[in-house]
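Residues 286 to 880 in my numbering are what the sequence shown lists, from first letter to last.
Ideal placement from N, C-alpha and C gives every residue a C-beta, glycine not left out.
Here's the structure we're looking at; comments come further down.
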Amino acid sequence: MDTSANVRRDVPLPSENLRHGWGSDALATMLRVLEVPYVVVNPGSSFRGLHDSIVNYLGNERPQMLLVLHEEHAVAIAHGYAKVAEKPLAAIVHSNVGLMHASMAIYNAWCDRVPVLVYGATGPVDAAKRRPWIDWLHTSQDQGALVRSFVKWDAQPASIDAAREAMLRANQISRSSPRGPTYVCFDSAIQEAEVDGQVRLPDVARFAPAAPVWPAPADVRAAAELLQGGGRVVVLVGRVSRQQADWDHRVRLVESIGAVVLTDLKLGAAFPTRHPAHANSAGYFLSAEACDILRSADVVLSLDWCDLGGTLRQAWGPTSVSAKVIQVSTDHQLHNGWSFDHQALPSTDLFLAVEPREAIAALLEQLPAVPAKALVPRPASADADPPAAAALHVADVARGLRQVLENVPTTFVRLPLSWSGELWDWDSPLDYIGYDGGGGIGSGPGMAVGAALALMDSGRVPVAILGDGDYMMGVSAFWTAANARIPLLAVICNNRSFFNDELHQERVAVERGRPIENKGIGQRIEDPDLDLALIARGQGLVGFGPITSWPELISALQEGLDAVRDGKAVVIDVRVMPGYSPSMSRQMIRDVAAE
């Protein structure tokens, strides 16, 4: 997607002194050759040479610089963009301190299997070139070691030629399945060194990611036989693409084998929820009904499901899984010993180490075509509006959005843990893009801005539903939306608490026979209450709230939508009662060891 025509750009004065080349000019030119549309930066002296080259050598276009107020937001914005566009942005972070700030966002992108090009810099590696004090603090022997356990590859090249190759390799690796972030660190001395002669540019097409691998024909035949064997098939649709053609192929596959489908609220929209094969509302964990559906399967087909092993255990308990399990995933290629983001090891009977797109295409060649099934009509709402003075809940926010956004193409770029799957239907792969991967609270605002950036030419309204804790941890990311003129509707479900941890404190209190009334101590965000809309307005956004009643909610949502259509970023502070869905509450505090 090319959104450059819509984003506000600072246009630099033309530079007349481009006669002498500098190392950073070559690096900036590589960003253009790689067709990186934006670089997201929080400024730092370690990459002052590269900063100058993007502004004065390239004219701050292709790529255009987006300024953020924290390095974690830089990576989060790139993460959100990639979840929609399925291609990476570049985030540039300052030396070791900026990389430490950005590390949580890099971990989120790693767990979410999303491509992000993270570039960094270090003070001069040559100690004789360091300024006193500050360059010594901002120079590390092995800067990539900070994030090496949760990036696909990292490098600290020692020359311009090596840096160009490192940028090519990082791009190739980040975009190859399974996708993920990479990190390249540029020595500030290399950036600021003069270079002689013409900048040599590679043919990027010769360094493209490898074509996706297709499954072995024998494996495809074996999978087709299991899926057509007459038993009940349950398809777990997990990490899949945002492309409409792939969405349609998933529907065809399910219809051709007469399967039922379960989806995951941690991931993006993966299958039409109004299709008769969609068996249960999506959640962050399986509901009791979804466990019953899964346990009834004779064959389970996992399409890169997140935590297949844990999900099978949730359905079958500690006993062995009675169903035949087909796993389709390349995720195992990223598993390492530092983090347990790989989740539990699933028992499988057939393992196709390819992406779901290729496995489905191969299977469709083996399976008979069947007539398409009609989607289940949306029932007319029979719910009466809540009383004007009644306290609001998250379900009321969903109801209000349904009224205001009826027939408006909408992409949910974030949903909170308090959201329940039955509150909305997904009809296309861009209706919802999923959670953050690593559970790093504070990522929501940045990822929402990045996703909204990618959606600017789509005709869709980006909507982020955030919790107040997530909002406050990452709130300054919204300044970038105001600065760059990125339209976005953010609704904050403000329960004035870190409510997830209230559940844990209640669990501990019950086990120990202590007062559950104390669960809110050290959890409640009140006395004084935060004015979330005022904080948004202070950054140049349109802010509404605090909203405490149904009439106020409908009015704010309509005015907010009008402002988004006018190109504004909007925050609506809605005071809601705390609460999760029953399946969410049970699974967040369950004691696996006691099962």
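Bridge partners for residue i per DSSP, in chain order?
| i | result |
| --- | --- |
| residue 809 | 782 |
| residue 860 | 779 |
| residue 695 | 746 |
| residue 307 | 479 |
| residue 612 | 587 and 636 |
| residue 472 | 407 |
With DSSP as the reference, label residue i as helix, strand or coil.
| i | result |
| --- | --- |
| residue 733 | helix |
| residue 658 | coil |
| residue 271 | The question about residue 271 has no answer here: the residues shown for the chain are numbered 286 through 880. |
| residue 765 | helix |
| residue 450 | helix |
| residue 574 | helix |
| residue 688 | helix |
| residue 726 | coil |
| residue 313 | helix |
| residue 773 | strand |
| residue 467 | strand |
| residue 801 | helix |
| residue 429 | helix |
| residue 683 | helix |
| residue 759 | helix |
| residue 508 | helix |
| residue 523 | coil |
| residue 752 | strand |
| residue 439 | strand |
| residue 324 | strand |
| residue 518 | strand |
| residue 295 | coil |
| residue 488 | coil |
| residue 902 | For the chain, the structure presents residues 286 to 880; residue 902 sits outside this window and is missing. |
| residue 420 | helix |
| residue 618 | helix |
| residue 579 | helix |
| residue 530 | helix |
| residue 330 | helix |
If you drop the 5 nearest sequence neighbours on each side, which residues of the same chain put their C-beta closer than 6 Å to that of residue i?
| i | result |
| --- | --- |
| residue 287 | Note that residue 287 scores 47 on pLDDT, short of 50, meaning its location in the model is unreliable; the coordinates nonetheless yield the value given after this. Cβ neighbours of residue 287 beyond the five flanking positions: none. |
| residue 841 | 829, 832 and 857 |
| residue 424 | 407 and 408 |
| residue 544 | 518 and 520 |
| residue 442 | 448 and 451 |
| residue 379 | 329 and 331 |
| residue 356 | 327, 378, 383, 386 and 387 |
| residue 712 | 557 |
| residue 609 | 511, 584 and 634 |
| residue 554 | 711, 714, 716 and 717 |
| residue 428 | 381, 407 and 470 |
Is any non-hydrogen atom of the ligand NAD found closer than 7 Å to the C-beta of residue i, if you look at the structure I gave you?
| i | result |
| --- | --- |
| residue 448 | Here there are no bound small molecules, and the ligand NAD is not part of this structure. |
Note down, in chain order, each residue of its chain lying with its Cβ closer than 7 Å to the Cβ of residue i, except the 5 sequence neighbours on either side.
| i | result |
| --- | --- |
| residue 877 | With a pLDDT of 44 at residue 877, under the threshold of 50, the modelled position of that residue is not reliable, and no figure is offered here. |
| residue 728 | 361, 390, 393, 721 and 759 |
| residue 645 | 534, 535 and 538 |
| residue 344 | 297 |
| residue 670 | 835 |
| residue 300 | 341 |
| residue 814 | 781 |
| residue 769 | 292, 293 and 351 |
| residue 641 | 525, 588, 589 and 613 |
| residue 551 | 569, 591, 719 and 720 |
| residue 531 | 525 and 642 |
Could you round the C-beta distance between residue i and residue j to whole angstroms and report it? I think they count as a contact, below 8 Å.
| i | j | result |
| --- | --- | --- |
| residue 445 | residue 308 | 5 Å |
| residue 839 | residue 685 | 6 Å |
| residue 374 | residue 401 | 7 Å |
| residue 370 | residue 359 | Rounded, the Cβ-Cβ distance is 16 Å, inconsistent with contact. |
| residue 558 | residue 522 | Not confirmed; about 11 Å, so no contact. |
| residue 817 | residue 756 | 6 Å |
| residue 579 | residue 571 | 7 Å |
| residue 436 | residue 404 | About 12 Å separates the two Cβ atoms, so there is no contact after all. |
So that I know if they touch, is there some Cβ in chain D lying closer than 8 Å to that of residue i?
| i | result |
| --- | --- |
| residue 847 | Of the chains in the structure shown, none is chain D; there is only one protein chain. |
Near residue i, what residues of its chain come up, given a Cβ to Cβ distance below 8 Å and the 5 sequence neighbours on each side ignored?
| i | result |
| --- | --- |
| residue 349 | 289, 292, 294, 322, 323 and 324 |
| residue 649 | 534, 537, 538 and 541 |
| residue 787 | 804, 805, 808 and 863 |
| residue 661 | 559, 560 and 561 |
TODO: With a floor of 4 residues, list each alpha helix (DSSP H) that falls wholly inside the segment 820 to 863, ordered by position along the chain.
DONE: Taking 4 residues as the shortest admissible run, the segment 820 to 863 contains the following complete alpha helix (DSSP H) segments, listed from N- to C-terminal end: 835 to 850.
TODO: Enumerate, from N- to C-terminal direction, the unbroken beta strand (DSSP E) stretches of 3 or more residues contained entirely within the segment 621 to 680.
DONE: Inside the segment 621 to 680, DSSP marks whole beta strand (DSSP E) runs of 3 or more residues at positions 635 to 637, from first to last along the chain.
TODO: Could I get the ranges of all uninterrupted alpha helix (DSSP H) runs contained in the segment 337 to 413, with 4 residues as the minimum, in chain order?
DONE: The segment 337 to 413 is shown to contain whole alpha helix (DSSP H) runs of 4 or more residues at 356 to 370 and 380 to 397, in chain order.
Task: Complete runs of the beta strand (DSSP E) confined to the segment 532 to 576 [at least 3 residues] - done: Taking only runs of at least 3 residues, the beta strand (DSSP E) segments lying wholly in the segment 532 to 576 are 545 to 548.
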